[in-house]
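FYI, UniProt numbering numbers position 96 of the sequence shown as 96, with every residue one higher than the one before it.
Heads up: the structure comes next, in structure tokens.
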Amino acid sequence: MGLSFSNLNGEHTGSSIGPSLGDIPESCVACVILHLTPPEICNLARLNRAFRGAASSDSVWERKLPSNYKDLLDLLPVERYRSLSKKGVFALLSRPIPFDDGNKEVWIDRVTGRVCMAVSAKGMAITGIEDRRYWTWIDTEESRFHVVAYLQQIWWFEVDGAVRFNLPPGTYCLSFRIHLGRFSKRLGRRVCHFEHTHGWEIKPVRFSLSTSDGQEASCEYYLADKEGEQTGRESWRDYKVGEFVVGCSEITTEVQWSMKQIDCTHSKGGICVDSVFIIPTDVKERNKRKAGVK
């Protein structure tokens, strides 16, 4: 009825005769695994020597790296990657690489090799951030940057940011990560405080983005409902601003964004601003499905 599983894996017994996976030329294996994702390639490397050799080939991993991977390497000391194979470079770049004084990070997605980026609140311009009557910085492990900006109360609310980078071609989604209320830990448990949270149900917050080649997007969200309650209270929310398309990685793309509610007829407060994410749209959708987010 066919070859046994042990024979397919190159394990011969005295009574079994026939080809095995170990007989497949490494060059043929490399052609096959080019169509697999990096995690799938790493799993196949456990099968036998031929698969292990092909799964470590520079020619394979060169194809899995983004077209601008050398720009990412330029953000690191040369000694970090000088002696690495292309597989080692992929592993290195799949971890966050800080730049701009550590207020921005870039990395490649482990499944697709697509470039992702995050910008801390400290890497953005926030109206009134120097005045502790309005804003304070909170140290927290809930942020990848370990700090978030907390607004107690203000009339003119505005957060602006920008980044210039040689992004590979593709469609990207930009979003803000925001939390209503202030959180802390008490006796090992997470506790949220909403004594300063007000004003977000009166008028919507306007989000916008623009790119150096003329693309624009904007939207509005009420951060709280008419009773002043946030949907998904006590949790971080991801607010999608819009999408933009990069057509050529040879040209540096500048992306600007803002989040504002400048109606001075009322004050607002009690909000944490963590960061802005720029993620390839397909990667973001995959992550949402994996997390079970609608």
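Note that CB positions come from ideal geometry on N, CA and C, so glycine has one too.
Item                                                                                                                                                                    : Value
Kindly indicate which three-state DSSP category glycine 228 falls into: helix, strand or coil?                                                                          : Confidence in glycine 228 is poor, its pLDDT being 48 and thus under 50, which makes the residue's placement too unreliable to answer from.
Could you tell me the alpha carbon to alpha carbon distance between aspartate 100 and threonine 253, rounded to whole angstroms?                                        : 16 Å
For isoleucine 202 and glutamate 62, what's the separation of their Cα atoms in angstroms?                                                                              : 52 Å
Could you tell me how far apart the beta carbons of alanine 125 and glycine 161 are, in whole angstroms, since I believe they sit closer than 8 Å?                      : 7 Å
To the nearest angstrom, report how far apart methionine 259 and tryptophan 107 are at their CA atoms.                                                                  : 25 Å
Roughly how far, in whole angstroms, is the beta-carbon of tyrosine 81 from the beta-carbon of leucine 73, given that I think they are within contact range, below 8 Å? : 5 Å
Return the first residue and the last residue of the alpha helix (DSSP H) that serine 267 is part of.                                                                   : Careful: serine 267 lies outside any alpha helix (DSSP H) and carries neither H nor E.
Rounded to whole angstroms, what's the CA-CA distance from proline 204 to glycine 123? Just pull it up for me.                                                          : 24 Å
Where does the unbroken beta strand (DSSP E) through leucine 151 begin, and where does it stop?                                                                         : 147-151
Roughly how many angstroms separate the alpha carbons of isoleucine 154 and aspartate 263, rounded to a whole number?                                                   : 11 Å
Rounding to the nearest angstrom, what Cα-Cα distance links leucine 180 and alanine 224 in this structure?                                                              : 8 Å
Give a yes or no on contact between the stretch 162-176 and the stretch 185-195, applying the rule of three or more CB pairs nearer than 8 Å.                           : no
Spatial neighbours of glycine 247 within its chain, please: C-beta separation below 7 Å, excluding the five flanking residues on both sides.                            : Pro169
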